[in-house]
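Asks: Protein chains in written order, with the numbering used here: chain P, 1 to 199; chain S, 1001 to 1221. Pasting in a structure now, in structure tokens, and then I'll have a few things to ask.
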Amino acid sequence: MISRVVVETLSIRRGDRLLFDGLDFGVSAGEAVVLTGRNGAGKTSLLRAVAGLLRPVAGRVTFEGVDAEAAAGSLHLLGHLDGLKGGRTAWEELRFAALWCGGSDDSARAAAATLDLGRLLDLEVRKLSAGQRRRLALARLLAAPRPLWLLDEPLAPLDSVWRARLGDMMAAHIAGGGMILAAVHDPLPVPTRAVEVGA
Amino acid sequence: MSPLTVLLGRELALTWGRGGGPLPALAFYAGVTTLLPFAIGPEPARLAAIAPGFAWLALALASLLSLERLFERDFEDGTLDLLALGPAPLEAICAIKCLAQWLTTGLPLALAAPIAAIALGAPVGLAPLVFVCALAGGLAFAFVGGLGAALALGSRRGGLLIAIIVLPLFAPPVIFGGGALGQYAAGLPWTAGLALLAGWTAGAVALAPLAMAAACRNALD
């Protein structure tokens, strides 16, 4: 179990543009940190770097409490691209994500119930609205328990009711010793600490 | 159920779902086989002489057809991120995707190849060897083709780039398989060609996943 994620003197370059330089911060167990900054400041790139998908030009990301190889298995990344296939049913996609990330049929079913997806599970993903699709993507966070959630604009397509319920989900995750690192423009419905990117 | 089994099941379902699985490749294969007599004339002796080699070459070209979508869609819709954060290394993921490609395209084409060769006038006795060559060669085409597809990730005109990368790498298996078929038809020893083809296939299956994974990492970065 990860006890803390530490970002040290991280610099990220996209093409010939240096997005940010020498960024330092940490996320501890039971804490939610939000990344703020203008469009194009590098929030999404930072999340991908923490996930290990993007190589920083300098600095490093360390996961305290797990081996470096196990880091990818202890985080969820929820980005703008949700990797949901339009031609598959919501249940097929949720079940695959659960089994692929170390969950089970039961955990997938429980996650679907929490996100109130019951009636939608037999529908093809292409027939879901943007908000329903985002709820299906969020269900993956619960379908396979992993301590670190990397969320890119998680609130965007959700209505006010679901924003509040996502807040409950996040609060429960943090209360259980989980960690959240989220790129946001609107404030999250849970207590957070802010890190400014590309200031 | 192991995660890689789950992934293989999903890949098979997706390949089958998008564009009818093996149907486009099979239709292309049947199409060029039908056109051949129109192009070179219907004389049976002439057709029979080139039938095995032609059936083999057309199979190599038909395996190119659906390669463009092998990684491109997963890259564009974020699936590759999800897969990369799973329990298996990218090398294994790439190998599973190529295996699914072979099962849905290469295997049906291998079944069609002897039929095409016989239809063009090749001796029936040649059919088993055509099938074996198509089976082994198809696996090499899937893995080498996957390498091309991974290298072309994120580029415009990926299909063209894939063909340019992959066709030179298709040359050795085409030569080995064609050699075995030609020798067999001429009543000469033919096992060397088949052994070389199998060796090339084994090499491609072992090495291509390493290169594919490196190419995917670059594309995700």
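The beta-carbon is built from N, C-alpha and C at its ideal position, and this holds for glycine as well.
Please tell me whether P:Leu47 and P:Leu138 are closer than 7 Å, where the distance is taken between their beta carbons.
Replies: no
Asks: Of all the residues that make up the region 174 to 198 of chain P, which are near chain S by a beta-carbon distance shorter than 9 Å?
Replies: Residues: none.
Asks: Is the beta carbon of S:Ala1149 closer than 7 Å to that of S:Ile1162?
Replies: With respect to S:Ala1149, S:Ile1162 sits close: the two C-beta atoms are nearer than 7 Å.
Asks: Kindly indicate which three-state DSSP category P:Ser192 falls into: helix, strand or coil?
Replies: At residue 192 of chain P the sequence reads Thr, which differs from the Ser that was named. Coil.
Asks: On the DSSP bridge assignment, give the partners of P:Met179 in chain order.
Replies: P:Glu31 and P:Leu148
Asks: When DSSP builds the beta bridges, which residues end up paired with P:Val6?
Replies: P:Gly26 and P:Thr62
Asks: Name the residues in the region 57 to 86 of chain P whose C-beta lies less than 9 Å from a C-beta of chain S; which are they?
Replies: Ala72, Gly73, Leu75, His76, Leu77, Gly79, His80, Leu81, Asp82, Gly83, Leu84, Lys85 and Gly86
Asks: Look up P:Ile12 in the DSSP assignment and give the residues it is bridged to.
Replies: P:Phe20
Asks: Can you find a C-beta in chain S that's less than 7 Å from the C-beta of P:Phe96?
Replies: yes
Asks: So, under 8 Å CB-CB, P:Ser74 and P:Leu148 are touching, yes? Tell me the CB distance rounded to an integer number of Å.
Replies: 6 Å
Asks: Flag P:Trp100 as yes if its beta-carbon sits less than 7 Å from any beta-carbon of chain S, otherwise no.
Replies: yes
Asks: Please return the same chain residues whose Cβ sits closer than 7 Å to the Cβ of S:Leu1070, not counting the five positions on each side in sequence.
Replies: Lys1097, Gln1101, Gly1146 and Ala1149
Asks: Could you check whether S:Ala1192 and S:Leu1090 sit closer than 7 Å to each other, using their CB atoms as the reference points?
Replies: no
Asks: Closer than 8 Å is the cut-off here; do at least three beta carbon pairs connect the region 1048 to 1056 of chain S with the region 1065 to 1084 of chain S?
Replies: no
Asks: How about S:Leu1160: is its Cβ closer than 6 Å to a heavy atom in the ligand NAP?
Replies: In the structure shown, the ligand NAP is absent, as is every other ligand, since no ligand is present at all.
Asks: Could you tell me whether the region 120 to 132 of chain P touches the region 82 to 98 of chain P, using the rule of 3 or more Cβ pairs below 8 Å?
Replies: yes
Asks: According to DSSP, is P:Glu153 part of a helix, a strand, or is it coil?
Replies: coil
Asks: Using a Cβ-Cβ cutoff of 7 Å, what residues of the region 1068 to 1093 of chain S are near chain P? List them in chain order.
Replies: Asp1077, Gly1078, Thr1079, Asp1081, Leu1082, Ala1084, Leu1085, Gly1086 and Pro1087
Asks: Would a check of beta-carbon distances place S:Pro1024 closer than 7 Å to chain P?
Replies: no
Asks: Quick one: Cα of P:Glu8 to Cα of P:Pro191, how far?
Replies: 24 Å
Asks: Could you tell me which residues DSSP puts in a beta bridge with P:Leu227?
Replies: This structure leaves residue 227 of chain P out entirely; chain P is present only between 1 and 199.
Asks: If we ignore side chains and look at the alpha-carbon of each, how far apart do S:Leu1026 and S:Gly1179 end up?
Replies: 24 Å
Asks: Is there at least one Cβ from chain S nearer than 7 Å to P:Leu53's Cβ?
Replies: yes
Asks: Listed from N- to C-terminal order along the chain, which residues in the region 1008 to 1019 of chain S have their beta-carbon within a distance smaller than 8 Å of any beta-carbon of chain P?
Replies: Residues of the region 1008 to 1019 of chain S that bring their beta carbon within less than 8 Å of a beta carbon in chain P comprise Arg1010, Ala1013, Leu1014, Gly1017 and Arg1018, in sequence order.
Asks: Under 7 Å Cβ-Cβ, which residues of chain P neighbour S:Leu1275?
Replies: The question about residue 1275 of chain S has no answer here: the residues shown for chain S are numbered 1001 through 1221.
Asks: Look up S:Glu1043 in the DSSP assignment and say whether it is helix, strand or coil.
Replies: S:Glu1043: coil per DSSP, three-state reduction.
Asks: Here's the rule I'm using: 16 or more other beta-carbon atoms within 10 Å means buried, otherwise exposed. How should P:Pro56 be labelled?
Replies: buried
Asks: Quick check on the DSSP output: the alpha helix (DSSP H) that includes P:Asn39 runs from which residue to which?
Replies: Unbroken run through P:Asn39: none, as it is neither H nor E.
Asks: In chain P, which residues lie with their C-beta within 8 Å of the C-beta of S:Met1001?
Replies: Leu99
Asks: Since P:Leu155 and P:Asp186 should fall inside the 8 Å C-beta cutoff, what is the C-beta to C-beta distance between them, to a whole number of angstroms?
Replies: 6 Å
Asks: If you drop the 5 nearest sequence neighbours on each side, which residues of the same chain put their C-beta closer than 8 Å to that of P:Leu54?
Replies: Ile12, Ser45 and Arg48
Asks: Is the separation between the beta-carbon of P:Glu153 and that of P:Gly37 shorter than 7 Å?
Replies: Contact: no.
Asks: Tell me the residue span of the alpha helix (DSSP H) that contains P:Arg133.
Replies: Ala130 to Ala143
Asks: Do P:Gly65 and P:Met1 have their C-beta atoms closer together than 7 Å?
Replies: yes
Asks: With burial defined as no fewer than 16 other Cβ atoms inside 10 Å of the residue's Cβ, what is the status of S:Pro1042: buried or exposed?
Replies: exposed
Asks: Quick check: what's the CA-CA separation for S:Leu1181 versus S:Leu1220?
Replies: 42 Å
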